[in-house]
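Peer 1:
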Amino acid sequence: MSQPMIEVENVSMRFNMAKEKVDSIKEMFIRRAKGTLKFEEFFALTNVSLRVEKGDVFGLVGLNGSGKSTLCKIIAGVMKPSQGSCRVYGSVAPLIELGAGFDPDLTARENVFLNGTVLGMKPSYLEERFDEIVEFSELHDFLDVAVKNYSSGMVARLAFSVATIMDPDVLICDEILSVGDFLFKEKCEKRISEMIERGTTVLLVSHDIGIVEQLCNKACWLSHGHVIAQGDCAGVVNDYQENAHIGFALEKESRQPEPREKQYVASAAAVKICEDEEIG
Amino acid sequence: MLGYFRDTFTVFRKYYYLLKNLVQRDLKVKYRRSTLGFLWSFLNPILMMLIMAAVFSYMFRFQIEYFAAYLLSAQLIFNFYNSATSTAMGSVVGNSALIKKVYIPKYIFPFEKVIFEFINALFAVVALFVVLLVTRVPFTPWILLFPIPLVLIFVFNLGVGLILSSLVVFFRDVQHLYGVVVVALNYLTPIFYPVSMLPGWMQFAIKFNPLYWYVGMFRQVVLYGAAPTANMWICCLFCSAAALLIGLLVFKAQQDKFILYI
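As you go down the protein sequences, you meet chains F and A in turn. For the first sequence, position 220 matches number 221 in our numbering, and the numbering has no gaps at all. For the second sequence, position 44 matches number 45 in our numbering, and the numbering has no gaps at all.
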């Protein structure tokens with residue numbers, strides 16, 4: 002049980018804030034001439050370290066904008082961290098935003114193959130499991146309809162069915178159980194539970210604390226890109242529910258534009274307060 | 002170093018099917034809902050060529066033998082260059098939704114567009130051969146070499162496409178600027194005029210346009226039925242290799258930053 006599947010070491014992710022983004026050469030030269038080519042840097046993650054072992058169901062909790070999705074994207078290989086390293090052992094199925102690889106003009110049937118290959122599956126494999134995918138999505142009658150005519154719930158059904166058909170070593174679920182009707186939601190949860198039973202390692206992001214408590218054995222609480230608590234699921238989730246409001250105050254504070262160094266120190270100090278608060 | 006190439010190859014093998022599916026997608030979407038479907042790939046170049054040939058045979062006259070074939074052979078190469086580089090340029094930005102959510106080797110996108118336009122160019126080659134037959138251009142065995150200039154310009158297009166697609170991510174202006182560059186290139190390539198009508202210094206300057214050489218090589222085998230000259234071989238091979246090398250280096254250096262700007 003101690004085989005590591007995901008190792009995140011001291012990862013920091015830095016973004017330049019959108020308002021200072023220079024999109025044109027002219028703008029860049031003008032700014033450079035004026036000496037106003039400054040970026041307001043923003044750390045979505047600061048010194049995050051995680052270790053997820055084989056068979057773990059790892060929950061990520063935190064308020065909006067705390068860096069959960071950024072962390073998922075780094076683990077899925079979509080982004081490279083500014084600092085630190087991230088290693089994943091085995092195949093990854095990222096359920097980050099469903100239906101990302103769909104082409105609206107193609108039919109559902111064609112999209113299954115397109116999206117499957119986007120996720121790195123072989124056409125022969127998709128062919129083999131095609132019936133199973135359709136079965137799960139319950140979209141038999143709409144297979145040859147262009148996906149642009151689908152409702153968002155139908156797109157989500159199809160996308161979930163494709164993405165979970167392979168048996169990945171690591172499954173990353175970023176807030177995807179909130180789509181679809183309640184029956185389909187139950188079905189999705191069941192499928193994820195089955196995968197967990199088969200030994201798939203799962204990284205689960207959800208605002209539904211109930212699901213996190215029900216499925217996860219370990220958890221991590223992120224606030225403003227800092228790991229505030231990590232470990233046994235029940236403990237972390239309790240902490241989070243009791244102390245999340247402190248993080249909220251912190252968010253207001255760091256919204257004021259400050260130079261990078263200062264902001265960094267400020268939020269680090271705030272985390273210190275959070276930690277003290279927890280102990281007390 | 003060797004390990005790096007092996008890893009890259011393994012990843013490419015995994016995503017080879019995606020490449021294939023994306024090309025198929027483009028082909029399907031292009032002709033979806035049109036009655037004639039794939040026939041358009043062949044009809045379109047023929048009709049365009051007829052118009053161009055009519056315009057330049059009656060309105061502007063140059064003393065060129067087999068004028069229709071002269072025009073159409075160059076048009077084919079230039080159109081391939083233009084559409085391949087222009088669509089490759091927007092491919093990374095255009096697929097931002099995908100790049101932000103799933104890991105895919107990003108060079109797949111410009112690569113796919115160049116392949117797609119290559120297939121379109123092959124349809125145009127069929128149309129060109131029809132014109133060659135109809136206008137009774139004499140055939141020689143050298144015509145069998147026609148895939149070579151096409152493959153060379155394919156590599157050149159891929160290199161330019163890689164450079165443009167990564168530049169556009171950081172500076173969207175490039176998209177508009179490039180439209181102007183293409184028009185300039187169009188007139189700097191001897192598509193509808195003979196090189197001999199240019200003033201002396203222009204005849205020299207035009208040789209710095211890589212397309213001059215690809216067009217020259219293609220015409221040499223298809224139209225004049227002769228072996229490509231040593232100069233053609235050297236210039237075409239050099240331009241293709243240089244474009245691909247620079248393209249790969251630029252793309253590789255920038256690709257991890259794409260996600261922050263799209």
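The beta carbon of each residue, even a glycine, is placed where N, CA and C say it ideally should be. None of these values were measured; they are calculated from a predicted model.
Just verifying my parser: in three-state terms, what is the DSSP assignment at F:Phe43?
Peer 2: Reduced to three states, the DSSP call for F:Phe43 is strand.
Peer 1: Applying a beta-carbon distance threshold of less than 9 Å, which residues of chain F neighbour A:Val30?
Peer 2: Near A:Val30 (Cβ distances below 9 Å), the residues of chain F are Asp104, Asp106, Leu107.
Peer 1: Are the C-beta atoms of A:Asn45 and some chain F residue less than 7 Å apart?
Peer 2: no
Peer 1: Residues of chain A with CB closer than 9 Å to the CB of F:Leu115, please, in chain order.
Peer 2: Leu19, Asn22, Leu23, Gln25, Arg26
Peer 1: Count the other CB atoms, across all protein chains shown, that sit within 10 Å of the CB of F:Gly68; report buried if there are 16 or more and exposed otherwise.
Peer 2: buried
Peer 1: Of all the options A:Leu212, A:Phe13, A:Thr86, A:Ala54, which has the alpha carbon lying nearest to the alpha carbon of A:Pro191?
Peer 2: A:Leu212
Peer 1: Check the Cβ-Cβ distances between F:Ala164 and every residue of chain A, and say whether any is below 7 Å.
Peer 2: Chain A contact via Cβ: absent.
Peer 1: Under the three-state reduction of DSSP, which class applies to F:Glu214: helix, strand or coil?
Peer 2: helix
Peer 1: Would you please state the rounded distance, in angstroms, between the beta carbons of A:Asn210 and A:Leu186? I believe it to be under 8 Å.
Peer 2: 7 Å
Peer 1: Please classify A:Tyr108 as buried or exposed, where buried requires at least 16 other C-beta atoms within 10 Å of its C-beta.
Peer 2: buried
Peer 1: To the nearest angstrom, report how far apart F:Thr47 and F:Ser224 are at their CA atoms.
Peer 2: 10 Å
Peer 1: Mind checking if A:Leu99 is an interface residue toward chain F, Cβ cutoff 7 Å exclusive?
Peer 2: So, interface residue.
Peer 1: To the nearest angstrom, how far is the alpha carbon of A:Leu238 from that of F:Asp209?
Peer 2: 60 Å
Peer 1: Run through the DSSP bridge pairs and tell me what F:His208 is partnered with.
Peer 2: Partner(s): none; F:His208 has no beta bridge.
Peer 1: For chain A, check one thing: does any of its Cβ atoms lie closer than 7 Å to the Cβ of F:Ala160?
Peer 2: no
Peer 1: Apart from the five residues on each side of it in sequence, which residues of its chain come closer than 8 Å, Cβ to Cβ, to F:Val213?
Peer 2: Gly60, Val62, Leu205, Ser207, Ala220, Cys234, Val238
Peer 1: Identify every run of the alpha helix (DSSP H) within the stretch 124–181 of chain F, keeping only runs that are complete inside it and at least 4 residues long; order them along the chain.
Peer 2: 124–138, 153–164
Peer 1: Per the DSSP calculation, F:Lys219 is bridged to which residue(s)?
Peer 2: F:Phe59, F:Asp233
Peer 1: Can you give the Cα-Cα distance for A:Leu163 and A:Thr86, rounded to whole angstroms?
Peer 2: 9 Å
Peer 1: I want to see whether chain F comes within less than 7 Å of A:Lys114, judged by CB atoms only; does it?
Peer 2: no
Peer 1: Note down the Cα distance separating A:Met2 from F:Pro5, rounded to an integer number of angstroms.
Peer 2: 28 Å
Peer 1: What is the residue span of the beta strand (DSSP E) that F:Pro5 lies within?
Peer 2: 5–17
Peer 1: Counting C-beta neighbours from all protein chains within 10 Å, is the total for A:Met203 16 or more, i.e. buried, or is it exposed?
Peer 2: exposed
Peer 1: Could you name the residues of chain A that F:Val79 contacts, counting a contact when the two beta carbons are closer than 8 Å?
Peer 2: Those within 8 Å of F:Val79 in chain A are Ile100, Lys101, Lys102, Val103, Tyr104, Ile260.
Peer 1: Let me make sure I understand the geometry here. Which of A:Phe13, A:Tyr32, A:Arg220 has the alpha-carbon closest to that of A:Phe140?
Peer 2: The shortest Cα separation from A:Phe140 among A:Phe13, A:Tyr32, A:Arg220 belongs to A:Arg220.
Peer 1: Since A:Tyr215 and A:Leu145 are thought to touch, with beta carbons under 8 Å apart, how far apart are those beta carbons, to the nearest angstrom?
Peer 2: Contact flag wrong, Cβ pair sits at about 18 Å.
Peer 1: Assuming contact is defined by CB atoms lying nearer than 7 Å, are A:Leu23 and A:Met90 in contact in what I supplied?
Peer 2: no
Peer 1: Would A:Asp8 count as contacting chain F if we go by Cβ distances under 7 Å?
Peer 2: no
Peer 1: Going by Cα to Cα distance, which pick from A:Met53, A:Val138, A:Ala54, A:Ala125 is closest to A:Phe81?
Peer 2: When each option's Cα is compared against that of A:Phe81, the closest is A:Ala125.
Peer 1: Find the residues of chain A that neighbour F:Ala101, judging by a C-beta separation of less than 7 Å, and give them in chain order.
Peer 2: Ala98, Leu99, Lys102, Val103
Peer 1: For A:His177, count the other beta carbons within 10 Å of its own beta carbon; 16 or more makes it buried, fewer makes it exposed. Which is it?
Peer 2: A:His177 is exposed by the Cβ-count criterion.
Peer 1: Could you check the C-alpha separation between F:Phe114 and A:Ile260 for me, to the nearest Å?
Peer 2: Approximately 25 Å between the Cα atoms of the pair.
Peer 1: Going straight from the alpha carbon of F:Met14 to that of A:Val169, what length do you get?
Peer 2: 23 Å
Peer 1: What does A:Arg33 touch in chain F if you count any residue whose Cβ is under 8 Å from its own?
Peer 2: Asp106
Peer 1: Using a Cβ-Cβ cutoff of less than 8 Å, which residues in the same chain neighbour F:Asp240 once the five nearest sequence positions on both sides are dropped?
Peer 2: Trp222, Ile229, Ala230, Glu279
Peer 1: Using the Cα positions of A:Tyr59 and A:Leu48, report the straight-line distance between them to the nearest angstrom.
Peer 2: 17 Å
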